[in-house]
Amino acid sequence: MQITTFQRMGRRDTLAALLLGLAATPATFAVVHLLTRSDHYMRILFFGRGPIQYLTTACFWITICALVIKHLRCRQERRAYEAARRILEDPEFGYRRNWTGAGEVRQRFVTDAHADLQDTQTFATIIGGLDRLRNAQSTAELDDYFRARAEMMAGELETSYAGIRYLIWLIPTLGFIGTVLGIGRGLAGFAQIIQTAESFNRVKEHLPAVTQALGTAFDTTLLALALSVFAVLYMSWMIKQEEHTLEKINMLCLDGVCALFEEDNRENKELIATLEKATSTLQTAMNGNRAELVNVIRERLPALLAGAMGERLDHWGSRLEPAMDRLRGTVEERLTDEDREALRALLTDIRDAVSRLAMRFPDRSQDGDEA
């Protein structure tokens, strides 16, 4: 749903840039007409060089309007970044929590105070990451989500400038087209004058029309190159600004949001639940006598833990011994007699060590029965 929202915003911004650019084009010609005389060079540049100038000016203003809209979006992203940073730096979030605290953090981002920032990439990315954390219950999934979103946003930034780059390419191209048309008209007109002129005076009479066509050739290129310089400069600055903003958003997500949560250790939770259950059972057996319960825990709990650890060591030993036998059989096939003797001695030492570990708690069964 977030990606669809961004696509809809992109289409809306494109339409707005198109309409504003088409409105700014006649306004530009109106200003030039009002502020210049009929023989002024600017009046001739805009009004006396053919339809290419209208197309060039329209493409320029559409490009500028699109960049202005992106500029406003970038400023809104910066506001969203600052708001998110203030939320995450709140002393309330000064300790690490597991995935169950994602809902509490998410609630701070969807308040009415930040209603105008919900469509920004900053808030959408953080809220989406918190939703992923609640569903996956893993901080590793949260980190992967933010990294994937960073790559996606970088791709969206690159593709969002495709139309603007095309318009910036089109502006000087229109100027070159005007150059070709102007030179072609000038040469054709000059050839016609030479063919029809009866004297040099007739040639002089028709030369202004030829030079006007050549003026069109060069003036269209001049206007196109001048406008494209401003458009390229503005676009380069905007790309830098947006890249810097995206980098700050990515660092905030990885260093700010991910740092709030720690991986949920299920083994520890199971151990705690087991101990709580055992404590409850002992408390019931002692009829709620807390003093006697404390004494029982002090006397019996170490034996219970020792028994559990002993069983785990037995399990490790039973699995390690066959593996060592298989390893010995594989290695002995590739060793010399002298190496085999050294390996047998090493395996004997390892087996003795495993046996000593397994025999470290010889009375665990009796301790468990007494408990």
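Numbering-wise, our numbering comes out as the position in the sequence shown, counting from 1, plus 94. Glycine included, C-beta positions come from ideal geometry on N, C-alpha and C. Just so we're clear, the structure is a prediction, and the values are computed from it rather than from any experiment.
Annotation for H165: the continuous alpha helix (DSSP H) segment containing it runs 146-182.
Beta-bridge annotation (DSSP): F355 is paired with R191. V351 has its alpha-carbon roughly 17 Å from the corresponding atom of E171.
Taking the Cα of L166 as reference, the smallest distance to any Cα among H134, S132, M136, A111 is reached at A111. Leaving aside the five residues that flank V326 on each side, the residues in its chain whose CB is nearer than 8 Å to its CB run, in chain order, I262. Annotation for L129: no residue places its beta carbon closer than 7 Å to its own, counting only its chain and skipping 5 residues before and after. Annotation: Q335 to F324 spans about 17 Å, alpha carbon to alpha carbon. Going by C-alpha positions, S132 is about 57 Å away from R243. The DSSP-derived three-state label of H134 is coil. At a Cβ-Cβ threshold of 9 Å, T314 and I158 do not count as neighbours. Excluding sequence positions up to five before and after Y328, its CB lies within less than 6 Å of the CB of L161, all in the same chain and listed in chain order.
Assigned with DSSP and collapsed to three states, T253 falls in helix. Looking at the backbone, the Cα of F123 and that of F141 are separated by about 8 Å. By the beta-carbon neighbour count (other beta carbons within 10 angstroms, threshold 16), P416 is exposed. Between G272 and T150, the C-beta gap is smaller than 9 Å, which places the two residues in contact. Apart from the 5 residues on each side of it in sequence, S322 sits with its Cβ closer than 7 Å to the Cβ of I262, I265, P266 in its chain, given in chain order.
Apart from sequence neighbours up to five positions away, the residues of its chain that approach M332 with a beta-carbon distance below 8 Å are L161, K164, H165, C168, ordered along the chain. Q215 carries a helical assignment under DSSP once its states are collapsed to helix, strand and coil.
By the C-beta density criterion, T216 is buried, having at least 16 other C-beta atoms within 10 angstroms. For R200, the uninterrupted alpha helix (DSSP H) run begins and ends at 196-203, by DSSP. In chain order, T150, T314, T315, L317, A318, L319 place their CB closer than 7 Å to the CB of G269, counting only its own chain and leaving out the 5 sequence neighbours on each side. Nearest to L227 by C-alpha distance, out of L139, W155, T194, is T194. Pairwise C-beta distances place the region 233-249 out of contact with the region 203-210, as fewer than three of them are shorter than 8 Å.
Taking N344 as the centre and dropping the five residues before and after it, the same chain places the C-beta of A244 closer than 6 Å to its C-beta, in chain order. Judged by beta-carbon spacing, A230 lies beyond the 9 Å limit of L224, meaning their Cβ atoms are not closer than that value. Nearest neighbour of S254 by Cα position, chosen from A234, M103, R241, I181, turns out to be M103. Per DSSP, reduced to three states, the secondary structure at G276 is helical. CA-CA distance, Q212 to D184, rounds to 20 Å.
Contact check for V126 and M136: beta-carbon distance about 6 Å, within the 8 Å limit, so the pair qualifies. Its Cα nearest to that of G144, the residue G309 stands out among T108, G309, D419, L113.
Distances from the CA of C153 to each of A178, A117, I220 were compared; the closest alpha carbon is that of A117.
Taking C-beta separations shorter than 8 Å and ignoring five residues to either side along the sequence, the partners of L139 in its chain run Q147, D313, L316, L317, following chain order.
Out of R106, G222, R241, P120, the CA that lies nearest to the CA of L340 is found in R241.
For R179, same chain residues with a beta-carbon under 8 Å away, outside a window of 5 residues either side, are L346, G350 in chain order.
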